[in-house]
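One point on numbering: in numbering that gives the first Met the number 0, the residue at position 12 of the sequence shown is 11, and numbering is uninterrupted.
Even for Gly, the Cβ is constructed at its ideal location relative to N, Cα and C.
Since this is a predicted model, take the numbers as computed values, not measurements.
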Amino acid sequence: MSAGTAGAGTLTRLRRLALATLDGNWEHDHTVPSRTLYPHQWSWDSAFIAIGLAHVRPERAWRELDSLFRAQWADGRVPHIVFNPAMRVGAYFPGPDFWRTEVAAAAPAVATSGLVQPPVHALAAWLVHRRDPSPAARAALGRLYPRLVAQQRYLTERRDVGGGGLAAIVHPWESGLDNSPAWDAPMAAVRAEAAVMRAYRRHDTAHADAAHRPTDLDYARYLAIVAAYRDHGYRDDGLAGGHPFLVECPLFNAALGLAEHALARIAAVLGADPGPHRERAARITEALVWRLHDPATGTFQPLDLRTGRLVPARTVLGLAPLALPDLPARQVDALVVEACSARFGVTGRMDRPLPSYDRTAPDFEPLRYWRGPSWLNMAWLVRHGLLTHDRPELAAGLRRSMLDLVARAGCHEYFHPDTGAGLGSPAFGWTAALLLDVLA
Ligand code: 2M8
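So, in structure tokens, the structure goes:
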């Protein structure tokens, strides 16, 4: 029997496991994604984690978001890592001594990275509030709202490098899908050599199989891109002139649009005007369709701003716009076809979980991080889209597959896309949190 159709006993066991994982990763005012691999606070992890915490520890859900936004930069950017000063130096690479955010006037006093991640926080704040509409929660929402607005303003004004109404990412880490095949073409143009890594000590490969992680050449390029941005003072003016990596990502921009939809609802609760958020949401969806939709395949593809070309790799990033409630029916239908194709295999009865990359591609790698394995946050987002566009059977198929993965392997970071075996960190925050959300 699969967990999706399991009895109350199995569901209770799953709930307990998820709660124990979140409690085990709780660190005074935030949840670490993993005690070993990622011992600090990560931006979009905190958003997903808050969504799960809302079901079991609502007060912590607000603290999670609040602690992240306390590290917001003066220009509105929400850093992708907030470093815990109590953690030993070298617990994660690259650490504060590499980021050196003090070069930027807008950086906060606490140590952070200088990059961002997909802005799923307004959606998270909205979902947390929906679970917990207490007066304390309303006050927490009221404190977050202006910060969420500032985050959107940063992304829509300073990051619209292409000038078409979408936000550009300046590093693959900003996509959240670090070594996705989507970034192979833009990364190939970044000058770096794997040998550079001899000068550094990677921390990730001490805790995870190197064959499952990005390569040394990937890391050398990651560092080269950070160095270019840092040496530019983490400023966003003039990026089009020479920054080595500039891409409009469908997932990142779907999150940007979803955030405006969520902010419209939050504004209505707080007695503010939802109108401008609705207008901005509509403009983002329009820009996504106009700029990132490939009519030849019906899918959404990243746009490499350095070449002006859409990236051809079909990854799970391209399914994310399905979560937008105002996506036109033609694109919704095409994305459902893509999700249900042999590439991604979504059905009402899934025998294998959703992969992060086209499983029919010759370079599909079932073990390597974002180049094939299944991740619960992607399944959660696609399920969210299927529910939004009234495909309950497909959404139920994805939900069952999420439950099965954790029932068999535990709260792993990611899973083998054929066997479902657990990979990466064995006690991973967003896996536990999003499981709690689909169990509710
Ligand atoms: C992974 O990314 C970090 C860099 O930000 C890393 O590999 O060290 C990604 O899976 C990212 O999406 C995630 O937020 C982060 C922490 O879980 O780990």
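Worksheet item: Exposed or buried, what is residue 256 when buried is set at 16 or more other beta-carbons lying within 10 Å of its beta-carbon?
Response: For this step, residue 256 is matched to residue 257 along the sequence shown. A residue is called buried when at least 16 other Cβ atoms come within 10 angstroms of its Cβ; residue 256 meets this threshold and is buried.
Practice prompt. For the region 27-57, list the beta strand (DSSP E) runs that are entirely contained and at least 3 residues long, ordered along the chain.
Written response: Considered as a whole, the region 27-57 harbours no complete run of any beta strand (DSSP E) with no fewer than 3 residues.
Item to complete: Could you work out which residue in 266, 393, 311 is closest to residue 345 when comparing CA atoms only?
Response: Taking the first residue of the sequence shown as position 1, residue 345 is located at position 346. That would be 393, whose Cα lies nearest to the Cα of residue 345.
Worksheet item: How should residue 0 be labelled, buried or exposed, when 16 other C-beta atoms within 10 angstroms of its C-beta is the threshold for buried?
Response: As a working mapping, residue 0 is identified with position 1 in the sequence shown. Any answer about residue 0 is weak, because its pLDDT of 45 lies below 50 and its placement is not dependable; what the coordinates show is given next. Exposed: under 16 other Cβ atoms inside 10 Å.
Practice prompt. Please state whether DSSP places residue 233 in a helix, a strand or coil.
Written response: Here residue 233 is taken as the residue at index 234 of the sequence shown, counted from 1. Note: residue 233 maps to coil in three-state DSSP.
Worksheet entry | Close-in-space but distant-in-sequence residues of the same chain around residue 286 (CB under 8 Å, 5 per side omitted) | Numbered from 1 along the sequence shown, position 287 holds the residue referred to as residue 286. Scanning its chain for C-beta atoms nearer than 8 Å, with the 5 sequence neighbours on each side dropped, one finds around residue 286 the residues 163, 164, 165, 252, in chain order.
Worksheet item: Under 8 Å, do residue 31 and residue 274 count as touching if we go by C-beta distance?
Response: Taking the sequence shown and counting its residues from 1, the one referred to as residue 31 is at position 32. Taking the sequence shown and counting its residues from 1, the one referred to as residue 274 is at position 275. No; because the gap between Cβ atoms is not below 8 Å, this pair is not in contact.
Worksheet item: Is the distance from the Cβ of residue 305 to the Cβ of residue 245 below 8 Å?
Response: By 1-based counting over the sequence shown, the position of residue 305 is 306. By 1-based counting over the sequence shown, the position of residue 245 is 246. Yes, Cβ-Cβ distance for residue 305 and residue 245 is below 8 Å.
Worksheet item: Got a sec: does ligand 3 put a non-hydrogen atom nearer than 7 Å to the Cβ of residue 228?
Response: As far as ligands go, the structure on display features ligand 1 and does not contain ligand 3.
Worksheet item: Is it true that the region 63-81 meets the region 102-115, where meeting means three or more beta-carbon pairs spaced less than 8 Å apart?
Response: Segment contact: the region 63-81 against the region 102-115, three or more CB-CB distances shorter than 8 Å; contact assigned.
Worksheet item: Identify the residues that DSSP records as bridge partners of residue 421: which are they?
Response: The sequence position of residue 421 within the sequence shown is 422, counting from 1. DSSP, once it has assigned bridges, lists 414 as partnering residue 421.
Worksheet entry | Opposing strand residues paired with residue 302 [DSSP bridges] | By 1-based counting over the sequence shown, the position of residue 302 is 303. DSSP, once it has assigned bridges, lists 247, 309 as partnering residue 302.
Fill in: Straight-line gap, residue 384 to residue 318 (C-alpha atoms, nearest Å)
For the purposes of this step, residue 384 is taken as the residue at position 385 of the sequence shown. For the purposes of this step, residue 318 is taken as the residue at position 319 of the sequence shown. The C-alpha of residue 318 is placed about 9 Å away from the C-alpha of residue 384.
Worksheet item: So residue 98 packs on residue 265, CB below 8 Å; how close in whole Å?
Response: Position 99 of the sequence shown, counted from the start, is the residue given in the question as residue 98. Position 266 of the sequence shown, counted from the start, is the residue given in the question as residue 265. 31 Å between Cβ atoms; not a contact.
Item to complete: Assess, as a yes-or-no matter, whether the region 421-437 is touched by the region 43-61 under the definition of 3 or more beta carbon pairs within less than 8 Å.
Response: Cβ pair count under 8 Å is three or more, so yes.
Discussion item. For residue 12, which residues in the same chain have their Cβ closer than 6 Å to its Cβ, ignoring the five residues on either side in sequence?
Written reply: On the sequence shown, position 13 is the one that residue 12 refers to. Nothing listed; no residue qualifies.
Practice prompt. Please state whether DSSP places residue 81 in a helix, a strand or coil.
Written response: Walking along the sequence shown from the start, residue 81 turns up at place 82. Here residue 81 carries a strand assignment [DSSP, helix/strand/coil].
Discussion item. Quick check on the DSSP output: the alpha helix (DSSP H) that includes residue 283 runs from which residue to which?
Written reply: Position 284 of the sequence shown, counted from the first residue, corresponds to residue 283. Membership of residue 283 in the alpha helix (DSSP H) is indicated by the continuous run 274-291.
Worksheet entry | Secondary structure of residue 314, DSSP reduced to three states | Position 315 of the sequence shown holds residue 314. Three-state result, residue 314: strand.
Worksheet item: Nearest-angstrom Cα distance between residue 220 and residue 226?
Response: The count along the sequence shown starts at 1 and reaches residue 220 at position 221. The count along the sequence shown starts at 1 and reaches residue 226 at position 227. Rounded to the nearest whole angstrom, the CA to CA distance from residue 220 to residue 226 is 10 Å.
Worksheet entry | Inter-residue Cα distance where the pair is residue 156 and residue 9 | As a first step, residue 156 must be located in the sequence shown, where it is residue number 157. As a first step, residue 9 must be located in the sequence shown, where it is residue number 10. Roughly 48 Å between the two C-alpha positions.
Item to complete: Just the C-alpha distance for residue 372 and residue 208, rounded to the nearest angstrom, thanks.
Response: For the purposes of this step, residue 372 is taken as residue 373 along the sequence shown, with counting starting at 1. For the purposes of this step, residue 208 is taken as residue 209 along the sequence shown, with counting starting at 1. When rounded, the distance between both Cα atoms is 14 Å.
Worksheet item: Exposed or buried, residue 133, counting other C-beta atoms within 10 Å across all chains shown (16 or more means buried)?
Response: In the sequence shown, counting from the first residue as 1, residue 133 sits at position 134. Counting C-beta atoms within 10 angstroms of its own C-beta, residue 133 has fewer than 16 neighbours from the protein chains shown and is therefore classed as exposed.
Fill in: Simplified DSSP assignment, three categories, for residue 355
Within the sequence shown, the letter at position 356 stands for residue 355. Residue 355: coil per DSSP, three-state reduction.
Worksheet item: Any heavy atom of ligand 1 within a distance shorter than 7 Å of the CB on residue 78?
Response: As a first step, residue 78 is located in the sequence shown; it is residue number 79 there, counting from the start. With a threshold of 7 Å, the Cβ atom of residue 78 does not count as near ligand 1, since no heavy atom of the ligand is closer than that.
Worksheet entry | Beta-carbon separation (whole angstroms), residue 67 vs residue 42, contact threshold 8 Å | Position 68 of the sequence shown, counted from the first residue, corresponds to residue 67. Position 43 of the sequence shown, counted from the first residue, corresponds to residue 42. Rounded, the Cβ-Cβ distance is 6 Å, consistent with contact.
Worksheet entry | Local Cβ density within 10 Å of residue 298, reported as buried at 16 or more and exposed below that | Position 299 of the sequence shown, counted from the first residue, corresponds to residue 298. Buried, since its Cβ has 16 or more Cβ neighbours within 10 Å.
Fill in: Endpoints, the alpha helix (DSSP H) within which residue 122 is located
The residue you call residue 122 lines up with position 123 of the sequence shown. Looking at the DSSP string, the run of the alpha helix (DSSP H) that includes residue 122 is 120-130.
Discussion item. I'd like to check one pair, residue 416 with residue 367: are the Cβ atoms closer than 8 Å?
Written reply: Start at 1 with the first residue of the sequence shown, and residue 367 comes out as number 368. Start at 1 with the first residue of the sequence shown, and residue 416 comes out as number 417. Taking 8 Å as the Cβ cut-off, residue 367 and residue 416 do not qualify as a contacting pair.
Worksheet entry | Helix, strand or coil at residue 133 [DSSP, three-state] | Residue numbering aside, residue 133 sits at position 134 when the sequence shown is read from its first letter. Secondary structure of residue 133 (DSSP, three-state): coil.
Fill in: Cα-Cα separation between residue 283 and residue 277, rounded to whole angstroms
Along the sequence shown, one-based indexing puts residue 283 at 284. Along the sequence shown, one-based indexing puts residue 277 at 278. Residue 283 and residue 277: Cα-Cα distance of roughly 10 Å.
Practice prompt. Return helix, strand or coil for residue 111, following the three-state DSSP convention.
Written response: Here residue 111 refers to the residue found at position 112 of the sequence shown. Three-state DSSP puts residue 111 in a strand.
Worksheet item: Is it true that the CB of residue 128 sits closer than 8 Å to the CB of residue 46?
Response: The residue you call residue 46 lines up with position 47 of the sequence shown. The residue you call residue 128 lines up with position 129 of the sequence shown. Their beta carbons are not under 8 Å apart, which means residue 46 does not touch residue 128 by this criterion.
Practice prompt. Along the alpha helix (DSSP H) that carries residue 204, what are the first and last residues, could you check?
Written response: By 1-based counting over the sequence shown, the position of residue 204 is 205. If you look at residue 204, you'll find it in the alpha helix (DSSP H) that goes 203-206.
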